[in-house]
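For the sequence shown, this note's numbering assigns the number 706 to the initial residue and increments by one for each residue that follows.
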Amino acid sequence: MDLRHKAQVVSDHLEKLYGIPERDSEENVLDCLILTVLSQNTNDVNRDKGFATLKETFPTWEDVLEADVESIGAAIQIAGLHGQKSRTIKNFLTWLKAERGELDLGFVCEMETKEGLQLLCQHKGIGIKTASVTLAFACGHDVFPVDTHVLRISKRLGLVASNCNAEKAHELLPQIIPTGTELPFHMNLITFGRQICNARKPKCDQCPLTAYCLYFKGEL
């Protein structure tokens, strides 16, 4: 089975299992970017707590821009890597204000996907996953973000090589993902990774994809 066909089969199975999820069209682009920065190397609970504390401490992004890095770091400490993430946030807001005259990232949604990814990824601390999540969830672009769940499952299913890293997977997977399914496929893979295809103890007895899984066959 070629990779495009396998990806289509996997997508179809997951849609039968979870349906076709949709993004929240109300999501603010800058909020999404900052939230995704906070999600790096932490779980969703601590990411959300860090974002909530940041917004409680600094009600507007202008307030965050005017704050020092240490104060920003203290607000997002629970999200981990607060020193690094606070510098990323401060530097990006400083650039955005200087570049656009206001703290509004909505313009990125009007850009071509490749151009938008390049613009966001030029900033230290904002990698391809963060940029992809922002364009997919806040802008509705057909982008396929690769997080830890997506990468793990893609390796187990043989959609990418076992030694493939996330950056390379962002290049390879979009070439085989069924057109127009990028976001729902991404979201379903995350749900599947959390509920069934866990990192340490996958529930293979509940999995509809064992026929395609290298991990299940002992080949990985």
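For every residue, glycine included, the Cβ atom is placed at its ideal position computed from N, Cα and C.
Per DSSP, the continuous alpha helix (DSSP H) segment holding residue 751 begins and ends at 749-762. The three-state reading of DSSP puts residue 816 in coil, since its state is none of H, G, I, E or B. At a cut-off of 4 residues, the continuous stretches assigned as alpha helix (DSSP H) that sit fully inside the region 805-886 are 818-826, 833-838, 853-861, 871-877. With a cutoff of 9 Å on beta-carbon distance, residue 841 and residue 733 are scored as not near each other. Linking residue 914 to residue 820 through their CA atoms gives a straight-line distance of about 35 Å. Rounded to the nearest angstrom, the gap between the Cα atoms of residue 725 and residue 790 is 33 Å.
In this structure, the beta-carbon distance from residue 813 to residue 839 falls below 9 Å. Taking a C-beta distance under 9 Å as the contact criterion, residue 829 and residue 851 do not qualify as a contact pair. In this structure, 897 is the residue among 897, 795, 771, 827 with its C-alpha nearest to the C-alpha of residue 720.
In the assembly as shown, residue 861 is a buried residue. Its beta-carbon has 16 or more other beta-carbons within 10 Å.
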